[in-house]
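In our numbering, the protein residues as written are 1467 to 1922. From the three backbone atoms N, C-alpha and C, an ideal C-beta is built for every residue, glycine too.
Here's what the structure looks like:
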């Protein structure tokens, strides 16, 4: 399971969202490369006699590219040359056969940059190991410029002892205020997971934290303990916990729900619970518990790939429709077994909550059909004028040209939406639908941010 990050609400700092490609319309555009030689050339251009007036944001995606020690040395030299003019860097090195010493060498080069404030470093699916993972964390903890860090050590042969040490070292940073740490798909024992959470409570600079503990064989009691520890953090206002692919079941969800029903400093909470063996009653009970905490203004719930019935889905949506304290909501119902009427009801209920100004609804790989998708679009774009931001994921569904025609009609008339994201990958849309959508977008003068995926 590859590491993935949930979309935070507006409370989450923009640098990491920008580097992940979640945020458009930023005043500092990102330069992006997927080829090593081109990436190096891009970095060297930043060191030319006439550098950009403002430090640059650069995204380098070398996932699935086999990197030798010589390749890494070339990249290190290019990064060192660009050091003075680089403020944000996304470096994706998943599945690159990266040697442990190369990972350390690369991280040391990054930490020598005194202008780098935001870093996304993905080392997932490489045999980084115990010692090198700690050295990487040690380097990052000594950077005095980094304020936002995303580090993925997923499936990197990191055990409990090393995971605790990685977390401890990062917690000692005097500059990092926003941290994303992925330890998913590693052999972490229950005690090790709890120790990770415990040492992160000592990171007094942190205000935003995302901790990915997916697929680590997390026990129900340990999930509750992790939640309890982090909910008491004195400075955290934004927290994301990824518990996907762990056998939490009803007991685990009950512990987590009880913890987060208690008000704390948290204002934004994201829980990713896909494929965790939960059923309708469990999900409903958790939703009720979270919504009883009126301190939360941003909530993200991922219930994908669980045994939640159509009735359960509607009950969850009903509870969310009554939560007047929620302004930013993300609800992931992907790969659940419900059809058109339930999809329409969910959209109808969510649109009734006029407190919500930012909504993300994921129905990926659902069985709602073209009619269901059309009704969802109609409801959220034409009958929810309070929404300023909408993200809709209908990828791998039966969305057709007819659906897009309706989308085009309501989009052309919409005057309230400022940000729109549409995931329509691998649907039944043809060139006809794409042209209709393009014309509608040309007529809409109110959108300031747009993301559209129509890929196969």
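Measuring alpha carbon to alpha carbon, tell me which of 1595, 1657, 1645 ends up nearest residue 1628.
Nearest C-alpha to residue 1628: 1595.
In terms of DSSP beta bridges, what is residue 1499 paired with?
Partner(s): 1526.
Tell me whether residue 1580 sits in a helix, a strand or coil according to DSSP, three-state version.
DSSP places residue 1580 in coil when its eight states are reduced to three.
Should residue 1690 go down as buried or exposed, given a rule of 16 or more other Cβ atoms within 10 Å for buried?
Residue 1690 should be labelled buried.
I'd like the list of long-range same chain contacts for residue 1490, defined as Cβ closer than 7 Å, with 5 residues on each side in sequence excluded.
In this predicted model, residue 1490 has a pLDDT of only 45, less than 50, meaning its place in the structure is not dependable; the value taken from the coordinates is given anyway. 1915, 1916, 1917, listed in sequence order.
Would a C-beta distance cut-off of 7 Å place residue 1614 and residue 1584 closer than the cut-off?
For residue 1614 and residue 1584, yes; Cβs fall inside 7 Å.
Quick check on the DSSP output: the alpha helix (DSSP H) that includes residue 1644 runs from which residue to which?
Where residue 1644 is concerned, there is no enclosing alpha helix (DSSP H), although the beta strand (DSSP E) it sits in stretches over 1644 to 1648.
Is the beta carbon of residue 1790 closer than 7 Å to that of residue 1763?
No. Outside cutoff.
On the DSSP letters alone, give me the boundaries of the alpha helix (DSSP H) that residue 1831 sits inside.
Per DSSP, residue 1831 belongs to no alpha helix (DSSP H) and is neither H nor E.
Quick check on the DSSP output: the beta strand (DSSP E) that includes residue 1681 runs from which residue to which?
From DSSP, residue 1681 is part of no beta strand (DSSP E); its letter is neither H nor E.
Give every residue of the same chain whose Cβ lies closer than 8 Å to the Cβ of residue 1658, excluding the five residues on either side of it in the sequence, and list them in chain order.
So the qualifying residues of the chain are 1625, 1626, 1627, 1629, 1630.
Looking only at its chain, what residues have a beta carbon closer than 8 Å to the beta carbon of residue 1537, apart from the 5 residues adjacent to it on each side?
If we look at residue 1537 and ignore the five residues flanking it on each side, its Cβ neighbours are 1502.
If you follow the alpha helix (DSSP H) that residue 1806 is in, where does it begin and where does it stop?
Residue 1806 -> alpha helix (DSSP H) spans 1806 to 1817.
For the 8 Å Cβ check, are there 3 or more pairs between the segment 1740 to 1759 and the segment 1806 to 1821?
The segment 1740 to 1759 vs the segment 1806 to 1821: no contact.
Which residues mark the beginning and the end of the alpha helix (DSSP H) in which residue 1718 is found?
From DSSP, the alpha helix (DSSP H) with residue 1718 extends over 1715 to 1726.
Please classify residue 1778: is it buried, with 16 or more other beta-carbons within 10 angstroms of its beta-carbon, or exposed?
With 16 or more Cβ atoms within 10 Å of its Cβ, residue 1778 is classed as buried.
Compare the Cα-Cα distances from residue 1570 to each of 1535, 1865, 1544, 1549 and report the closest residue.
The option with the nearest alpha carbon to residue 1570 is 1535.
Excluding sequence positions up to five away, which residues of its chain have a Cβ less than 7 Å from the Cβ of residue 1910?
So the list reads 1877, 1878, 1880, once near-sequence residues are dropped.
Taking Cβ positions, are residue 1859 and residue 1833 nearer each other than 7 Å?
Their beta carbons are not under 7 Å apart, which means residue 1859 does not touch residue 1833 by this criterion.
What are the start and end residues of the beta strand (DSSP E) that includes residue 1659?
Element bounds for residue 1659: not the beta strand (DSSP E) but the alpha helix (DSSP H), 1656 to 1666.
Identify, in the order they occur along the chain, each residue of the same chain with its Cβ nearer than 8 Å to the Cβ of residue 1578, setting aside the five sequence neighbours on each side.
Hits under 8 Å: 1546, 1549.
Under 8 Å: do the segment 1780 to 1790 and the segment 1848 to 1865 share three or more Cβ pairs, one atom per stretch?
No, because fewer than three Cβ pairs between the segment 1780 to 1790 and the segment 1848 to 1865 fall closer than 8 Å, the two stretches do not touch.
Going along the chain, which unbroken runs of the alpha helix (DSSP H) with 4 or more residues stay wholly within the segment 1728 to 1801?
You should have 1746 to 1757, 1776 to 1787.
Distance cutoff 7 Å, beta carbons only. Does residue 1782 sit that close to anything in chain D?
The question asks about chain D, but that chain is absent: this structure has only one protein chain.
Find out if the Cβ-Cβ distance for the pair residue 1532, residue 1504 is shorter than 7 Å.
In this structure, residue 1504 does not lie closer than 7 Å to residue 1532 by Cβ.
Judging by CA-CA distance, which residue of 1681, 1806, 1865 is the nearest neighbour of residue 1738?
The option with the nearest alpha carbon to residue 1738 is 1681.
To the nearest angstrom, how far is it from the Cα of residue 1431 to the Cα of residue 1867?
Only positions 1467 to 1922 of the chain appear in this structure, which leaves residue 1431 out of reach.
So the candidates are 1573, 1882, 1766; which of them puts its Cα closest to the Cα of residue 1543?
Among 1573, 1882, 1766, the Cα nearest to that of residue 1543 belongs to 1573.
In terms of residue numbering, what span does the alpha helix (DSSP H) encompassing residue 1546 cover?
Element bounds for residue 1546: 1535 to 1547.
What did DSSP end up calling residue 1567 once you bin it into helix, strand or coil?
Note: residue 1567 maps to helix in three-state DSSP.
Quick check on the DSSP output: the alpha helix (DSSP H) that includes residue 1690 runs from which residue to which?
Segment 1686 to 1697, the alpha helix (DSSP H) holding residue 1690.
Of all the options 1775, 1634, 1703, 1853, which has the alpha carbon lying nearest to the alpha carbon of residue 1660?
The residue with the shortest Cα to Cα distance from residue 1660 is 1634.
Do you know how far the Cα of residue 1552 is from the Cα of residue 1508?
Each residue's Cα considered, the two are about 11 Å apart.
Exposed or buried, residue 1922, counting other C-beta atoms within 10 Å across all chains shown (16 or more means buried)?
With fewer than 16 other Cβ atoms within 10 Å, it is exposed.
Residue 1667 and residue 1707 look like a contact to me (Cβ under 8 Å); what is the Cβ gap, rounded to whole Å?
Between residue 1707 and residue 1667 the Cβ distance is about 14 Å, and since that is not below 8 Å, they are no contact.
What's the gap between the Cα of residue 1497 and the Cα of residue 1611?
About 21 Å.
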